[in-house]
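>
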Amino acid sequence: MARLALRNLSRNRRRTLLSAGIVALGCALSLVVLGFVERSRALIQETTVQQFGNLQIADPKLLDGKAEGFEYLVSPAVRAQVEGLVRPERGVVGTTAQLSLSGLLAVRRTTAVVRAVGVVPENDVLDYNDLVVTGRGLRADDVGTVLVGQTLADELGLRPGDFVNLTATTVAGAFNVSPLEVVGLFRFSSAEVERAQVFVPLAFAQLLLATDGVDRIVVRLDRLGRTWAAARAIGARLAAAQLPLEVRTWDVLSPFYRGLSGFFDLLFGFLVAAVFILVFFIVLQILTLSFLERTREVGTIRALGTRRGEVFGLFVEESLWLGLAGGGIGVVAGVGISLLFNAAGIPWQPPGTVQAVTLGVDFTAPVILIPFGVSVISTVASAFLPAYQATRVSVVDALRAV
Amino acid sequence: MQRSSFCYVAGTPVLETQGLTKHYTLGQETVRALDRVDFTAVQGDFAVVNGPSGSGKTTLLNMLALIDRPSEGEVLFEGRPTRRLSEGELALLRREKIGLVFQTFNLIPVLSVAENVEYPLLLTKTPRGERRGRVAARLEEVGLSGFEKRRPDELSGGQRQRVAVARALVTAPRIVLADEPTANLDSATGRQIMELLQGLNRDHCVTFLVVTHDPSVLDYAQRVLTIRDGRIQGEEKRGAPRPA
Ligand SMILES: Nc1ncnc2c1ncn2[C@@H]1O[C@H](COP(=O)(O)OP(=O)(O)O)[C@@H](O)[C@H]1O
Ligand SMILES: [Mg+2]
């Protein structure tokens, strides 16, 4: 029976090639788009982890933006305890701590509201020195220094060597102000970060707020893929130690990533749906015609004792071979196109970012399997109705058909 | 063929109709294509139903072949009524016990000669080795050894009908029904086909029922039934007795 299904494809070679070609086109197209989306997602993942680390451990009130005072601060003792809990986890490269504050950055007569992120300078987990494009990064022995984003620097006319004043409210509620020397300008993929965020040494942030606490502990892992397993394990340990802290993963921490990733999924879902609805209807037309032409043969084989279900199966099997062939050709074509595309190395600057990236197509298993699977499924699905119709005709009527 | 033993039961009814009636409704009018036909085909028969075009031959054959259902009356296969059988049960009966030969040969064009003959054996899930042997034997009987790999469109009309005969015989059915098997062939080829059927009947005790309007077919019959306007008008026995 498989033989008959396969042979039936050789009946009208041009028509078979046309249908397989349409399936292949749909498959190749979605493979390229999916691979492209995956590459873009991977690029964004990288920059997101660059910004947030893999994991952050902090008071949920801080993470959810519900803190009213500084009650979320983590004391040095708790920080040491947490670091002790994190370190044994597999894949942990290291930890660092941050203390962020909102303040007013003043240069001459101009001011800007900024979020100053206090970081341990020259730590190997998450420091932002590699973003510096002009001047230098923060150094281990720095205190009164700051890294300013290129965008903010342009707006305020700042250059390395200039001094600014940063005003903030201490933990106790008093005003505090301190001068800072701009030592470097940084660029970041997000213009928003470049405008509203500055980096200061952790020691300076603690001094300005008059505290010895930090607001979060950042964990770096050796692989992105370990993020979620590590988060679960560390979260369980924190709970067991009855610490009022939570673990958040990088994807949850970045509203930008979450939004974009959701948008990518939607975009891709929509495109794939559109392509395959189109494929479905074109192949449906072709198969309807092809099955209808064989009405008399259906009458013959049913007269010989083939049951309705077997005729249905025969047609569906035929479409399965068609789908497998079309999908297979599509995968080969899609991979070929993608390799050419990758070789071309086309640069692109995404909107809202400051650095161009190289566009490309990633081949992960889902990038190949999803379009292939959807090709086969939509081809088989398009056979259902005409196959069903073919089995509904009475044997006598089918035998009389021309 | 190992089927000669079947002739011991020559005379047992294979197909029987009781008051078989079929009408078609066309708008206001009702066409009585078959009118209370009582007929019995027995094991070893070579019966020919003869009548002009439109007399109801195909309608009768379709009902005997269990591919159409009567309006009234009953078709008994090996003594068992078939009216209450489901589509699926009828299909199983057809694949195992009925051979069909069509006016237009009705071979499957994408399958080779051997594959066409093999097809009914795939339906009955016959093991591969047995299939091979049976296909080869039937092709030899119809004189087409060496044509196994040909496609139907590479054959003459007579050769195609021989393939169809081999296909009808391959499951060793209780009866072979043929609807105008010579109508699409020139008269010499038609005679060769009828001689083939006659030989199979005589030497291998295959039961045949042929419907036709071709008078030359009557020469091969043991029984000739005349049908007109959906009614069997009479029956003539033509001896041509088988050697016992
Ligand atoms: N499906 C049908 N609908 C209406 N009338 C039909 C149908 N099939 C056969 N008939 C009529 O029944 C009669 C017998 O037809 P048929 O059995 O084909 O005759 P034959 O095979 O002897 O030429 C004819 O009058 C034909 O027009
Ligand atoms: Mg007829």
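Sequences listed follow chains A and B, in order.
Position 22, counted from 1, in the first sequence is what the working numbering calls 22; the numbers after and before it change by one each time, with no gaps.
Position 224, counted from 1, in the second sequence is what the working numbering calls 1224; the numbers after and before it change by one each time, with no gaps.
Every residue gets a Cβ at the ideal spot worked out from N, C-alpha and C, and that includes glycine.
This one's a predicted model, so the numbers in the text were calculated from it and none came from an experiment.
(1) Using a Cβ cut-off of 7 Å, which residues of the stretch 1063-1077 of chain B contact any Cβ in chain A, in chain order?
(2) For ligand 1, any of its heavy atoms closer than 6 Å to the Cβ of B/Gly1027?
(3) Is the beta carbon of B/Thr1030 less than 7 Å from the beta carbon of B/Gly1073?
(4) Based on Cα-Cα distance, which residue from A/Asp127, A/Gly69, A/Val114, A/Phe70 lies nearest to A/Thr96?
(5) Since B/Val1163 is in the alpha helix (DSSP H), which residue starts that stretch and which ends it?
(6) So, under 8 Å CB-CB, A/Pro160 and A/Gly184 are touching, yes? Tell me the CB distance rounded to an integer number of Å.
(7) Starting from A/Asn8, find everything on chain B with Cβ-Cβ shorter than 7 Å and list it in chain order.
(8) Opposite B/Ala1047 in the DSSP bridges: which residues?
(9) Near B/Asp1045, what residues of its chain come up, given a Cβ to Cβ distance below 6 Å and the 5 sequence neighbours on each side ignored?
(10) With DSSP as the reference, please indicate the residues paired to B/Gln1018 in a beta bridge.
(11) Alpha carbon to alpha carbon, what distance is there between B/Gln1161 and B/Thr1189?
(12) Do three or more CB pairs link the stretch 187-196 of chain A to the stretch 205-223 of chain A at distances below 8 Å?
(13) Return no unless some Cβ of chain A is closer than 7 Å to the Cβ of B/Ala1166.
(14) Please classify B/Pro1241: is it buried, with 16 or more other beta-carbons within 10 angstroms of its beta-carbon, or exposed?
(15) Under 6 Å from any heavy atom of ligand 1, does the C-beta of B/Gly1073 make it?
(16) Does the beta carbon of B/Pro1013 come closer than 7 Å to any beta carbon on chain D?
(17) Closer than 9 Å by beta-carbon distance: list the chain A residues that pair up with B/Asn1116, in chain order.
(18) Residues of chain A with a CB under 9 Å from the CB of B/Leu1092: which are they?
(19) Around the C-beta of A/Ser290, are 16 or more other C-beta atoms found within 10 angstroms, so that it is buried, or is it exposed?
(20) Tell me, which residues are paired with A/Lys66 by DSSP?
(21) Looking at chain A, is there any beta carbon in it that lies within less than 7 Å of the beta carbon of B/Arg1132?
(22) How about A/Thr300: is its C-beta nearer than 7 Å to some C-beta of chain B?
(23) Just to check, is the beta-carbon of B/Lys1237 closer than 6 Å to a non-hydrogen atom of ligand 2?
(24) Take B/Asp1179 as the anchor and find which of B/Asp1229, B/Asp1035, B/Leu1122, B/Lys1057 has the nearest alpha-carbon.
(25) What in chain B is Cβ-close to A/Val396, meaning under 8 Å?
(26) Does chain B have any CB closer than 7 Å to the CB of A/Arg11?
(27) Can you tell me the Cα-Cα spacing of B/Gly1011 and A/Ile286, whole angstroms?
(28) Per the DSSP calculation, A/Val182 is bridged to which residue(s)?
(29) Which residues in chain B sit within 7 Å of A/Glu297, going by Cβ to Cβ distance?
According to the data block:
(1) Ala1065, Ile1067, Asp1068
(2) no
(3) no
(4) A/Asp127
(5) 1157-1169
(6) 6 Å
(7) Val1110
(8) B/Leu1209, B/Arg1223
(9) Thr1207
(10) B/Glu1074
(11) 10 Å
(12) no
(13) no
(14) Here B/Pro1241 scores only 48 on pLDDT, less than 50, and its place in the model should not be relied on; the value that follows carries that caveat. With fewer than 16 other Cβ atoms within 10 Å, it is exposed.
(15) no
(16) Absent from the structure: chain D. Protein chains present are A and B.
(17) Correct list: empty, because the minimum Cβ distance to chain A is about 10 Å.
(18) Gly305, Arg307
(19) buried
(20) Its beta-bridge partners do not exist; DSSP assigns none.
(21) no
(22) yes
(23) no
(24) B/Lys1057
(25) Asn1062, Ile1067, Asp1068
(26) yes
(27) 52 Å
(28) A/Val146
(29) Ile1108
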